[in-house]
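Residue numbers (this note's numbering): 29 to 495.
Quick reminder that beta carbons are idealized off the backbone N, C-alpha and C, glycines included.
Model, not experiment: these values are computed from the prediction.
Note sheet for the following structure.
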């Protein structure tokens, strides 16, 4: 497929094909939907905001992408239309309760997009019962991730503020989505960088087989061993065949979040490393096993052009650590930091190929895995990305559950816009985990992190006795 409706077409990137891979196997296509709202505690000029949205569309290529299917090749392609002219609806919720408003926006999030030659995002201007006004945004995960979503919403608000208020600069240009797609495709076309990354991950896989550590202990692994009559089995099912999901969010307040961030700054580590240490130490404790694996999402936005090009760039890989509990808490974190830095250099590699090679080397029954949880840490917040220009005007964000989850549990840790505290958002299959189980998990990983930063030169085993 060379062109579609007069537009140049491009193959899909690895990050996009990964989403197609699991979506093709799920009967509920809303699994790809990401729904959120950004609202501000001030009266907005609806028509000016509508103009700002159209201008943001004009500036952002990835927001104007369409998909097309080539019947002969049996492959999907993408292309960028010149402009968006569809209606941007205004919805006034002020005669409803907040619960009713959120239920309606959740319902919007659960309507799948048309797949071919159709817009892959939707924006509505909203006014909430509490007087906050702003936008509801829903996008398809094949064309939006958390960072590109934040960048797009920020662009809308800054364009609006430039038009309405004196002294607020017009936002700088975004980067070309297509130019970044072309770079990704060049990497995938047998580049030397790809070969180096392949060798790195293949060597990791071929070193030895990981082992499953459950969120509540060994029960799932022992049950799988019994079912398969294999006492040496090292994999177990994390997810279930029932994909109905919920999002349970637990809030860490501003002051304790600052303590975590201060420790990270002093020790020259990222908060992601501290989170990984907290999670793996808890799994180490409840499974009595030093060999711990989990999935980690990598945003792949190191350069300015990657940060501002939109689209989806997330690759997810297993992250395995074998840390002896006689090491100190700080030694464990440093080991994680060094291994994360090493992994970062290779994350352009195709995760689907990673899992295919591992499955070939260590064959397991479908559904069995070594990773009980997936982690995403999103360091960027809207305020850090430029909305500090709004001064003391309060604003808030809200995520809406699409109702479907392919993972047993997917933890996203993000900073709240109002106080920069942390929200731990657990998207999970209802049949896989209960809210009570996840709350217990959250409570103990926080206890481990705080005891660890307060006593970083104690051995891990000693930290575990304190919690």
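- Within the same chain, Cβ atoms closer than 6 angstroms to the Cβ of residue 168 are found at 60, 141 and 148, the five residues on either side in sequence being excluded.
- Straight-line spacing of the CA atoms in residue 154 and residue 421 works out to 17 angstroms.
- By alpha-carbon distance to residue 109, the top candidate from 134, 85, 469 and 327 is 85.
- In terms of Cα proximity to residue 50, the closest of 433, 159, 256 and 423 is 433.
- Put simply, the region 431-448 does not touch the region 78-93. Fewer than three CB pairs are less than 8 angstroms apart.
- Exclusion of the five residues before and after residue 489 leaves 353 as the residues of its chain whose Cβ lies within less than 6 angstroms of its Cβ.
- Look at residue 141 here: in three-state DSSP terms it is coil, with no helix or strand label.
- With contacts defined by Cβ atoms closer than 7 angstroms, residue 315 and residue 215 do not form a contacting pair.
- Residue 236 sits exposed, since fewer than 16 C-beta atoms from the chains shown fall within 10 Å of its C-beta.
- In the DSSP assignment, residue 349 falls within the beta strand (DSSP E) that extends over 343-350.
- Per DSSP, residue 40 lies in no alpha helix (DSSP H) and is assigned neither H nor E.
- Here residue 389 is exposed, its C-beta having fewer than 16 other C-beta atoms within 10 Å.
- By the criterion of at least three beta-carbon pairs nearer than 8 angstroms, the region 303-320 is in contact with the region 337-350.
- Remark: C-beta atoms of residue 476 and residue 242 do not approach each other more closely than 7 angstroms.
- DSSP, read as helix, strand or coil, puts residue 176 in helix.
- Judged by pairs of C-beta atoms under 8 angstroms, the region 90-101 touches the region 328-344, as three or more such pairs exist.
- DSSP links residue 106 through a beta bridge to 38 and 95.
- For residue 202, the three-state secondary structure derived from DSSP is coil.
- If you draw a 10 Å sphere on the C-beta of residue 150, you find 16 or more other C-beta atoms in it, and that means buried.
- Listed in chain order, the non-local C-beta contacts of residue 180 below 8 angstroms within the same chain comprise 84, 88, 91, 165, 172 and 338, local neighbours out to five positions each way being set aside.
- Contact check for residue 435 against residue 484 fails: the beta carbons are separated by 7 angstroms or more.
- Looking from the CA of residue 394, the closest CA among 184, 431 and 265 belongs to 265.
- Counting only runs of 4+ residues, the alpha helix (DSSP H) found wholly inside the region 376-412 occupies 379-389, in chain order.
- Of the candidates 101, 239 and 441, the residue whose Cα lies closest to the Cα of residue 322 is 239.
- Across the set 292, 227, 120 and 39, the C-alpha of 39 shows the shortest separation from the C-alpha of residue 96.
- Within the same chain, 66, 67, 68, 69, 160, 162, 410, 415, 445 and 446 come within 8 angstroms of residue 423 by CB-CB distance, once the 5 residues on both sides are set aside.
- A direct Cα-to-Cα measurement between residue 233 and residue 187 gives close to 47 angstroms.
- Remark: three or more beta-carbon pairs, one from each stretch, lie closer than 8 angstroms, so the region 459-479 and the region 297-312 are flagged as touching.
- Inter-residue distance for residue 325 and residue 81 is about 29 angstroms (C-alpha atoms, whole angstroms).
- With contacts defined as CB atoms closer than 7 angstroms, residue 452 and residue 437 fail to qualify as a contacting pair.
- Listed as beta-bridge partners of residue 165 by DSSP are 64 and 151.
- Taking all protein chains shown into account, residue 374 has 16 or more neighbouring C-beta atoms within 10 Å of its C-beta and is therefore buried.
- In this model, residue 461 and residue 296 are separated by some 35 angstroms (Cα to Cα).
- Between residue 431 and residue 138 a beta carbon distance of about 5 angstroms is seen, short of the 8 angstroms cut, so the two are scored as contacting.
- Under the three-state reduction of DSSP output, residue 281 falls in the coil class, being neither helix nor strand.
- Within the DSSP bridge table, the entry for residue 488 names no partner.
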